[in-house]
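Chemist:
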Amino acid sequence: MAYVITQRCCNDASCVPECPVDCIRPTPEQPEFATTEQLYIDPDTCIDCGACVDACPVEAIFSEDDLTASLARFRDINATYFERHPLESNFDPLVTPVRPPKDLGTLRVAIVGAGPAACYSADELLRRADVEVEMFDRLPTPWGLVRAGVAPDHPGTKTVSGMFESAFRRETLQYHLNVEVGEHISHDELLAHHHAVIYAVGASTDRQLNVPGEDLPGSHSATEFVAWYNGHPDYADRTFDLSGERAVIVGNGNVALDVARVLTLDPDDLAKTDIADHALDALRASNIREVVVLGRRGPLQAAYTSPEFLALGYLKGIDVIIDPAELELDPESRALLDDPDIEPSLRLKYELAQEYAAKTPNPENKRIVFRYLASPTAVTGSEHVEGVEFVHNELYSDNGRLAARATDRTESVPASLVLRSIGYRGEPVADLPFDDAAGVVPNEHGRVVADAAHVPGVYVSGWIKRGPRGVIGSNRIDAQETVERLIDDFIAGKLAAPEGDRAALKALLAERQPDLVGREGWKAIDTAERSAGKSGGRPRVKLTTREDLLKAARG
Ligand code: SF4
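When we follow the UniProt record's numbering, the leftmost residue of the sequence shown carries the number 1, and every step to the right adds one.
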């Protein structure tokens, strides 16, 4: 018997150092780690000790005897990885990170943001130093995209917040929620009360299609739709027209798959999750029966990960539809597929698409239809979205990378809802430099850079540092890098001592934001939401307006 890592893997690699026989790969030190879809356990080496199970923050690891039908394939997926990447003993001996000497006193750090990048940064600081962490967020709730981005039918992924909750129990970390940096406290004031400030504010806007009709009613970003169904208070009053039978999603990453599932899942199944009640009501009245997912490049270059693509095949009452003609490959993609050294996850992506294409759909079922090599040229309609026109693409080699270019073949598909899911984008942060082309704050390994010099005491972590790439756990290694530099700078005496302490900060915030939500306020919100969910067998019923959240916070 061996243990198996499954679809939910968040890539944070917490399990890797726990394994007594070092059989989980890739490790953060390996180049493959940056692009891997998930981590894998070598079945021939695993000694079934179960140590990794306790370390996994998202409950993604199972004994192979306990795999459900929808996860059974991960036994082979884990084993196949090691056929391509035979297990070798790990290269670097573990290096114990340097702790700041005691005589430097307590390091005070402000973290702006309370999502995964902020939480991993805080967790790393708490492990590494005698530290006081002050965590700020503009919302009255913590956990960022774990709360407002992860799809409601993926509860395992949300369990990572439980890990943060228990790591942040001590008074060394204080929450300052419902506090907007730039409005209630300035960047300079943050610096005056801390040795350093880490901005972990994510990438909050979406990319535009830049095609005619994009702003028609019925055309939205997936970002808005995701925030709406997850009960983000800034999006609770949005409306989406679900009266038609077809929706089109432009883009085929994992967010597109989340949205396609939420649009087609049985609302009775969604009712067991923490989906926002307003979204559940709207989905109960929805007429959508088909979701078309458009991808710019071919099936081998699709942006979704193979575990998420595989999971679509187990959805009750939903068929995945792919026309076999969509899977004809250009010569370069064919050569890639025929290469015996191809990454197993890439081959799996194509094999899964072939399996879906070979299935006979059930006319009673709803449908998720994948179209490849398709780029929208217009969203059509006069008063409201009526369809999408798109052009067929072909692939060509652009400096060794297969890129898409338009052919003269066009097509249109009627639809009443269009959601664009073509990536997030970072926004400028007040008082910080900004790289507009990349949508990030310029930095070197997390140290913010302006005019070719490090900005003393200012750091970034997560998507605003590296761009919107990776999954939740990718932020752990990213945060370790930033915190490593911050602590090096503290030890080297490069961080100015704060003028104000925790008490001074508290007094300032009390004056500026009477509705600040602290630890007790968040606990009260959490308890209220969980209690409301109990009778319906749901993990929680989310409060979705600031007013309700603040009322609950006050107890
Ligand atoms: Fe390693 Fe034990 Fe997990 Fe197997 S069960 S991968 S031996 S930690």
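Idealized CB from N, CA, C, for every residue including glycine.
According to DSSP, is residue 93 helix, strand or coil?
Modeler: The residue labelled residue 93 in the question sits at position 93 within the sequence shown. In this prediction, residue 93 scores a pLDDT of 49, lower than 50, which makes its location untrustworthy; the coordinate-derived value is nonetheless stated afterwards. Residue state, collapsed to three classes: coil.
Chemist: Quick one: give me the first and last residue of the alpha helix (DSSP H) that residue 163 is part of.
Modeler: For the purposes of this step, residue 163 is taken as residue 163 along the sequence shown, with counting starting at 1. 160–167 is the span of the alpha helix (DSSP H), which, as asked, contains residue 163.
Chemist: Quick one: what's got a C-beta closer than 7 Å to residue 439's C-beta in the same chain, skipping five residues either side?
Modeler: For the purposes of this step, residue 439 is taken as the residue at position 439 of the sequence shown. Around residue 439: 203, 425, 426 and 467.
Chemist: Counting Cβ pairs closer than 8 Å, one from the region 436–450 and one from the region 247–258, do we hit at least three?
Modeler: At 8 Å Cβ cutoff, the stretches do not touch.
Chemist: Comparing the CB of residue 16 with every heavy atom of ligand 1, is any distance shorter than 7 Å?
Modeler: For the purposes of this step, residue 16 is taken as the residue at position 16 of the sequence shown. The answer is no for residue 16.
Chemist: Taking 8 Å as the cut-off, does the region 144–160 touch the region 221–239 (at least 3 CB pairs, one atom from each stretch)?
Modeler: Judged by Cβ distances under 8 Å, the region 221–239 makes contact with the region 144–160, as three or more pairs qualify.
Chemist: Are there any heavy atoms of ligand 3 lying less than 7 Å away from the beta-carbon of residue 52, as far as the coordinates show?
Modeler: In the structure on display, ligand 3 does not appear, and the ligands it does have are ligand 1.
Chemist: Going straight from the alpha carbon of residue 91 to that of residue 256, what length do you get?
Modeler: The residue labelled residue 91 in the question sits at position 91 within the sequence shown. The residue labelled residue 256 in the question sits at position 256 within the sequence shown. Here residue 91 scores only 49 on pLDDT, less than 50, and its place in the model is too uncertain to base an answer on.
Chemist: Taking the straight line between their C-alpha atoms, what separation do you get for residue 53 and residue 115?
Modeler: Mapped onto the sequence shown, residue 53 falls at position 53. Mapped onto the sequence shown, residue 115 falls at position 115. Each residue's alpha carbon lies about 24 Å from the other.
Chemist: Rounded to the nearest angstrom, what separates residue 124 and residue 199 at their Cα positions?
Modeler: In the sequence shown, residue 124 corresponds to position 124, counting from 1. In the sequence shown, residue 199 corresponds to position 199, counting from 1. About 15 Å.
Chemist: Taking the alpha carbon of residue 120 as the point to measure from, which residue in 144, 389 and 385 has its own alpha carbon closest?
Modeler: Position 120 of the sequence shown, counted from the start, is the residue given in the question as residue 120. Checking every option, the nearest Cα to that of residue 120 belongs to 144.
Chemist: Check whether the Cβ of residue 3 lies closer than 7 Å to any heavy atom of ligand 1, and answer yes or no.
Modeler: The residue you call residue 3 lines up with position 3 of the sequence shown. Correct: residue 3 has its Cβ closer than 7 Å to ligand 1.
Chemist: With DSSP as the reference, label residue 475 as helix, strand or coil.
Modeler: As a working note, residue 475 is residue 475 in the sequence shown. The answer is helix: DSSP assigns residue 475 an H, G or I state.
Chemist: Pull up the distance between the alpha-carbon of residue 93 and that of residue 126, whole angstroms please.
Modeler: As a first step, residue 93 is located in the sequence shown; it is residue number 93 there, counting from the start. As a first step, residue 126 is located in the sequence shown; it is residue number 126 there, counting from the start. At residue 93, the pLDDT of 49 sits below 50, so the modelled position is not reliable and the matter cannot be decided from this model.
Chemist: Restricting to Cα atoms, I'd like to know which of 41, 219 and 245 is closest to residue 239.
Modeler: Position 239 of the sequence shown, counted from the start, is the residue given in the question as residue 239. It is 219.
Chemist: Given this structure, state the Cα-to-Cα distance separating residue 416 from residue 245, to the nearest angstrom.
Modeler: Walking along the sequence shown from the start, residue 416 turns up at place 416. Walking along the sequence shown from the start, residue 245 turns up at place 245. Looking at the two C-alpha atoms, the distance is approximately 8 Å.
Chemist: Mark residue 537 as exposed unless 16 or more other C-beta atoms lie within 10 angstroms of its C-beta, in which case mark it buried.
Modeler: Looking up residue 537 in the sequence shown gives position 537. Under this definition residue 537 is an exposed residue.
Chemist: Ignoring anything shorter than 3 residues or poking outside the region 236–283, list the beta strand (DSSP E) runs there in chain order.
Modeler: Taking only runs of at least 3 residues, the beta strand (DSSP E) segments lying wholly in the region 236–283 are 246–250.
Chemist: For residue 9, verify whether its CB is less than 7 Å away from any heavy atom of ligand 1.
Modeler: Counted from its first residue, the sequence shown places residue 9 at position 9. No; taking the cut-off as 7 Å, the Cβ of residue 9 has no heavy atom of ligand 1 nearer than that.
Chemist: What are the residues that DSSP puts in a beta bridge with residue 24?
Modeler: As a first step, residue 24 must be located in the sequence shown, where it is residue number 24. Note: residue 24 sits in a beta bridge opposite 41.
Chemist: Can residue 48 be considered in contact with ligand 1, in the sense that its beta carbon sits closer than 7 Å to one or more heavy atoms?
Modeler: Taking the first residue of the sequence shown as position 1, residue 48 is located at position 48. Within the cutoff, so yes.
Chemist: Here's the rule: buried if 16 or more other CB atoms are within 10 angstroms of the residue's CB, otherwise exposed. What is residue 135?
Modeler: As a first step, residue 135 is located in the sequence shown; it is residue number 135 there, counting from the start. By the 10 Å Cβ count, residue 135 comes out buried.
Chemist: On the DSSP bridge list, what partners appear for residue 387?
Modeler: Here residue 387 corresponds to residue number 387 of the sequence shown, with the count starting at 1. According to DSSP, residue 387 bridges with 380 and 414.
Chemist: Would the C-beta of residue 21 count as close to ligand 1, meaning under 7 Å from any of its heavy atoms?
Modeler: Residue 21 sits at position 21 when you count from the first residue of the sequence shown. Answer for residue 21: yes, Cβ within range of ligand 1.
Chemist: Does the distance between the C-beta of residue 41 and the nearest non-hydrogen atom of ligand 1 fall short of 7 Å?
Modeler: The count along the sequence shown starts at 1 and reaches residue 41 at position 41. Yes; taking the cut-off as 7 Å, the Cβ of residue 41 has a heavy atom of ligand 1 nearer than that.
Chemist: Leaving out five residues on either side along the sequence, give the residues of the same chain with a beta carbon under 7 Å from the beta carbon of residue 352.
Modeler: Start at 1 with the first residue of the sequence shown, and residue 352 comes out as number 352. Contacts found: 306, 309 and 310.
Chemist: Using only the heavy atoms of ligand 1, determine whether one of them is closer than 7 Å to the beta carbon of residue 24.
Modeler: Counting from 1 along the sequence shown, the entry for residue 24 is found at position 24. For ligand 1, at least one heavy atom lies less than 7 Å from the Cβ of residue 24.
Chemist: Closer than 7 Å by C-beta to residue 317: which residues in its own chain qualify, once you throw out the five before and the five after it? Chain order, please.
Modeler: As a position in the sequence shown, residue 317 is number 317, starting the count at 1. Excluding sequence neighbours, residue 317 sits near 266, 365 and 366.
Chemist: If you draw a straight line from the C-alpha of residue 231 to the C-alpha of residue 544, how long is it?
Modeler: Mapped onto the sequence shown, residue 231 falls at position 231. Mapped onto the sequence shown, residue 544 falls at position 544. Cα to Cα, the separation comes out at about 5 Å.
Chemist: Along the alpha helix (DSSP H) that carries residue 535, what are the first and last residues, could you check?
Modeler: The sequence position of residue 535 within the sequence shown is 535, counting from 1. First-last for residue 535: undefined, no H or E at that position.
Chemist: From residue 280 to residue 442, what does the alpha carbon distance come to, in whole angstroms?
Modeler: In the sequence shown, the residue the question calls residue 280 occupies position 280. In the sequence shown, the residue the question calls residue 442 occupies position 442. Cα to Cα, the separation comes out at about 40 Å.
Chemist: Tell me the residue span of the beta strand (DSSP E) that contains residue 456.
Modeler: To locate residue 456, count along the sequence shown from 1; it is residue 456. Where residue 456 is concerned, the enclosing beta strand (DSSP E) stretches over 453–460.
Chemist: Helix, strand or coil: which one does DSSP assign to residue 184?
Modeler: Your numbering for residue 184 matches position 184 in the sequence shown. Residue 184: coil per DSSP, three-state reduction.
Chemist: Runs of 4 residues minimum, wholly inside the region 101–158: which ones carry the alpha helix (DSSP H) assignment?
Modeler: You should have 116–128, 144–148 and 155–158.
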